[in-house]
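In what follows, a structure is listed as C-alpha cells, so that the remarks can point back to it.
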C-alpha cells in the first residue's frame, strides 16, 4: 500500500508562476488509468499557450414573489463545475502527441514506419483520453527552496495536472504567410483513477524521487489507496513540486509499471514441428489476469495472447524464414517486456538462446529469459 498522506506541518508554500517549461500527455484507457506500453507518453515544449477554463452550471434560482409583487423568498442553490477545458496551441507538430490527445485519429506512418502525421475522422471518443501535466516556472519560490536539496534533480516548479482529458474538436487551423500554429482542445472527465500517478514528480521527506504525496480524488474511495475521498470528484490540481521536469522528446516514449513483477519466459523447440517454437511463461503476477501477448519476431506471424489463468504456454505459428528471431512477451500488468532469441532451421533442428540479445549454438535445448527490453515492440 502507498504511504499515507503527510501530516500538515510548517508554513505553506507560496509561489508565483511564469509561463511553463514543458507539458506531458499520457495515454489512458477507458477507465482513466495509464496505459503501459512502448509508446504511451510524450513530453514537449513546442507550445505557445495552454489555457484552462471551467464549464459551470449556475445553481437553481429559488426566488419567489409574494402576491403583491415583492420578494418573498430569495436564494440560489450552489453552482457546480461540470468539467474543465484545456486549449493548447502548438508551434511544433508531433504526430504521436496529436494521436494520444485524440485516439480516434488515425496514425500515419511513412515507408520507414515512422509516425509522419494523423488523419482526422468524424468521431471523437467520450471515454478514452489522456492525462495532461504542465510545469509552470516558479518565481519568488521563497520557503519552497528551503526544503530543496542541492542535487542536480532538484528544481522548484509549479505543477498542473488534468488527469483525465477527452479530446474535443480542434480550433481552426490557418495556413498563411506566417508561422503556423495548431490549437487542440479537451475537457476533463470525472472519476480519474490516476491516483498518485505513474511518475516521480517531486521528492519525499527523505529526499528520494516520489510520485504525488496524495492521490488525485476520483470522488470515491479506492481500496489500497490509504485515502478517504471527499465524495466530490476533482478535475484539476495545482501544486508545487521540486523534481526537475522530464526532458522534451520527439515522438511517444515508453511507460512501464515499475511496481509490476516481470515474468520469466522459456523457449523450447517444438517436439512435433521443427519450424515452431514452444513458449512457457512463469513467475506470474496477480496484478492482471489478462496475461500478456507474444510477438514471435517474424513479419506475418500473428501475435499470440497468453492467459495468466491458464498454463502460461503458447506455440508459435510455423516460421517461414531462417535466421535469429527475437521473441518478445509483453505482460498486460505493465511490466517491461521480456525477450529471448530463437533460430529456427526449417525442417530440421533448432537453436535458441538463454538471454535477450545472445545466441546459443546448442541444438534442441531450452532457454530462459528474464531480461527486460524497453524498446518499441509495437507498430
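Numbering (the working numbering), first residue to last: 24 to 402.
C-beta: ideal position from N, C-alpha, C; glycine also.
None of these values were measured; they are calculated from a predicted model.
Residue range of the unbroken alpha helix (DSSP H) whose run includes residue i
i: residue 123; result: 118–124
Integer Cβ distance of residue i from residue j, believed to fall under 8 Å
i: residue 302; j: residue 343; result: The Cβ separation is near 18 Å, so there is no contact.
i: residue 211; j: residue 107; result: 4 Å
i: residue 365; j: residue 300; result: 5 Å
i: residue 345; j: residue 369; result: 6 Å
i: residue 157; j: residue 46; result: 5 Å
i: residue 179; j: residue 265; result: 5 Å
i: residue 163; j: residue 317; result: About 54 Å; that fails the 8 Å criterion.
i: residue 201; j: residue 114; result: Not confirmed; about 12 Å, so no contact.
i: residue 149; j: residue 189; result: 6 Å
Limits of the unbroken beta strand (DSSP E) element including residue i
i: residue 142; result: 138–142
i: residue 131; result: 129–132
i: residue 74; result: 70–80
i: residue 111; result: 103–113
i: residue 203; result: Premise fails: residue 203 is in no beta strand (DSSP E) and is neither H nor E.
i: residue 39; result: 39–41
i: residue 50; result: 46–50
i: residue 166; result: Here residue 166 belongs to no beta strand (DSSP E), and DSSP marks it neither H nor E.
i: residue 64; result: 60–67
i: residue 56; result: Segment: none, residue 56 is in no beta strand (DSSP E) and carries neither H nor E.
i: residue 328; result: 327–329
i: residue 362; result: 361–366
i: residue 189; result: 177–191
i: residue 347; result: Here residue 347 belongs to no beta strand (DSSP E), and DSSP marks it neither H nor E.
i: residue 155; result: 153–157
i: residue 97; result: Run containing residue 97: none; DSSP gives neither H nor E here.
i: residue 245; result: No beta strand (DSSP E) contains residue 245, which DSSP labels as neither H nor E.
i: residue 336; result: 336–338
Proximity below 8 Å, CB of residue i to CB of residue j
i: residue 15; j: residue 283; result: The first residue shown for the chain is 24 and the last is 402, placing residue 15 beyond what the model contains.
i: residue 238; j: residue 214; result: no
i: residue 154; j: residue 36; result: no
i: residue 103; j: residue 83; result: no
i: residue 86; j: residue 72; result: no
i: residue 269; j: residue 68; result: no
i: residue 186; j: residue 151; result: no
i: residue 305; j: residue 327; result: no
i: residue 293; j: residue 59; result: no
i: residue 354; j: residue 320; result: no
i: residue 291; j: residue 206; result: no
i: residue 109; j: residue 147; result: no
i: residue 49; j: residue 57; result: yes
i: residue 176; j: residue 263; result: no
i: residue 244; j: residue 255; result: no
i: residue 367; j: residue 257; result: no
i: residue 218; j: residue 248; result: yes
i: residue 329; j: residue 75; result: no
i: residue 322; j: residue 339; result: no
Residues of its chain near residue i, where Cβ-Cβ distance is below 8 Å and the 5 sequence neighbours each way are ignored
i: residue 131; result: 118, 138, 139, 140, 141, 142
i: residue 381; result: The predicted position of residue 381 is uncertain, since its pLDDT is 31 and thus under 50; a value taken from the coordinates is nonetheless stated next. Cβ neighbours of residue 381 beyond the five flanking positions: 364.
i: residue 34; result: 166
i: residue 101; result: 82
i: residue 296; result: 341
i: residue 223; result: 232, 233, 234, 266
Residues near residue i in its chain [Cβ-Cβ closer than 7 Å; skip 5 each side]
i: residue 227; result: 233
i: residue 54; result: 216
i: residue 88; result: 94, 95
i: residue 105; result: 78, 79, 80
i: residue 52; result: 58, 151
i: residue 116; result: 205
i: residue 70; result: 46, 111, 112, 113, 114
Contacts around residue i, its chain only, beta-carbon distance under 6 Å, and the 5 residues preceding and following it disregarded
i: residue 159; result: 40, 43, 181
i: residue 121; result: 141
i: residue 402; result: With a pLDDT of only 35 at residue 402, under 50, the local geometry of the prediction cannot be trusted, and the value read off the model is given with reservation. None.
i: residue 66; result: 45, 47, 269, 271, 272
i: residue 398; result: Caution applies to residue 398, whose pLDDT of 37 falls short of 50 and renders its modelled position unreliable; the model cannot decide the point.
i: residue 194; result: 206
i: residue 99; result: 82, 84
i: residue 235; result: 219, 220
i: residue 161; result: 38, 179, 180, 181
i: residue 458; result: Outside the shown range of the chain (24 to 402) lies residue 458, about which nothing can therefore be said.
i: residue 250; result: 238
Minimum Cβ-Cβ distance from residue i to chain B less than 8 Å
i: residue 248; result: Protein chain content of the structure displayed is limited to a single chain, and chain B is not contained in it.
**Completely contained beta strand (DSSP E) runs for the region 263–316, where each covers 3 or more residues** = Entirely contained in the region 263–316, the beta strand (DSSP E) runs reaching 3 residues are, in chain order, 276–278, 287–292, 300–305.
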